[in-house]
Amino acid sequence: MSTLKIVAKFVVTPETKQAVIDAVIKCQGPSRAEEGNNYYDLTESINDENILVILEEWKSQEAIDFHNSTDHFKELIASVTGKADVTIDVLNISN
Numbered sequence: 001m002s003t004l005k006i007v008a009k010f011v012v013t014p015e016t017k018q019a020v021i022d023a024v025i026k027c028q029g030p031s032r033a034e035e036g037n038n039y040y041d042l043t044e045s046i047n048d049e050n051i052l053v054i055l056e057e058w059k060s061q062e063a064i065d066f067h068n069s070t071d072h073f074k075e076l077i078a079s080v081t082g083k084a085d086v087t088i089d090v091l092n093i094s095n
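In structure tokens, the structure reads:
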């Protein structure tokens, strides 16, 4: 069985950092409650305070697809657009 991990990296500015954190936190609870989510955690780089990373683990691609269709995810994307440079990596982890 494999799981999918997502590493979403947000490069922010000091002026936009709190708005991005607030948007992620607003999305975090509903995302954690979704069927198929194992975890959804916001972290901050210890090397650069302007790098935030969401670490996620999902049971399937279908769970990710559902997550990406939710209102709280769409609201997160709208809230961070223009406030952060975002890169997303999806990793297939075989157990």
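Numbering of the sequence shown is given in full-length UniProt numbering, commencing with residue 1 and proceeding in unit increments. Just so it is clear, CB atoms sit at the ideal spot from N, CA and C, and this is done for glycine as well.
Problem set entry | Span separating the alpha-carbon of Ser-90 from that of Asp-48 | The residue labelled residue 90 in the question sits at position 90 within the sequence shown. The residue labelled residue 48 in the question sits at position 48 within the sequence shown. In the sequence on display, residue 90 carries Val and not Ser. Taking the straight line from one Cα to the other gives about 22 angstroms.
For this session: Please report the residue range of the alpha helix (DSSP H) in which Lys-17 lies.
Result: As a working note, residue 17 is residue 17 in the sequence shown. Per DSSP, Lys-17 belongs to the alpha helix (DSSP H) from 17-32.
Exercise. Roughly how many angstroms separate the alpha carbons of Ala-84 and Ile-77, rounded to a whole number?
Worked result: Position 84 of the sequence shown, counted from the start, is the residue given in the question as residue 84. Position 77 of the sequence shown, counted from the start, is the residue given in the question as residue 77. Answer to the nearest angstrom: the Cα atoms are 10 angstroms apart.
Problem set entry | As assigned by DSSP and simplified to three states, the class of Asn-92 | Here residue 92 corresponds to residue number 92 of the sequence shown, with the count starting at 1. Secondary structure at Asn-92: strand, using DSSP grouped into helix, strand and coil.
For this session: Please go through the same chain and pick out, in chain order, the residues whose beta-carbon is closer than 7 angstroms to the beta-carbon of Val-12, but skip the five residues on each side of it.
Result: Taking the sequence shown and counting its residues from 1, one reaches residue 12 at position 12. Here the set comprises Val-20, Asn-50, Leu-52, Lys-83, Ala-84.
Problem set entry | N-terminal and C-terminal residue of the beta strand (DSSP E) that Ser-45 is part of | The count along the sequence shown starts at 1 and reaches residue 45 at position 45. That residue, Ser-45, is in no beta strand (DSSP E); it is neither H nor E in DSSP.
Exercise. By a C-beta neighbour count over all protein chains shown, 10 Å radius and 16 as the cutoff for buried, is residue 100 buried or exposed?
Worked result: Shown here, the chain extends from 1 to 95; a query on residue 100 therefore has no answer.
Exercise. Between the C-alpha atoms of Ser-2 and Ala-33, what's the straight-line distance to the nearest angstrom?
Worked result: Working through the sequence shown from its first residue, we reach residue 2 at position 2. Working through the sequence shown from its first residue, we reach residue 33 at position 33. Cα-Cα distance, rounded: 20 angstroms.
Problem set entry | Cut-off 8 angstroms between Cβ atoms - residues of its own chain near Ser-45, not counting five sequence neighbours on either side | As a first step, residue 45 must be located in the sequence shown, where it is residue number 45. Cβ-Cβ distances below 8 angstroms link Ser-45 to Ile-51, Leu-52, Val-53 in the same chain, with the five nearest sequence neighbours on each side left out; the list follows chain order.
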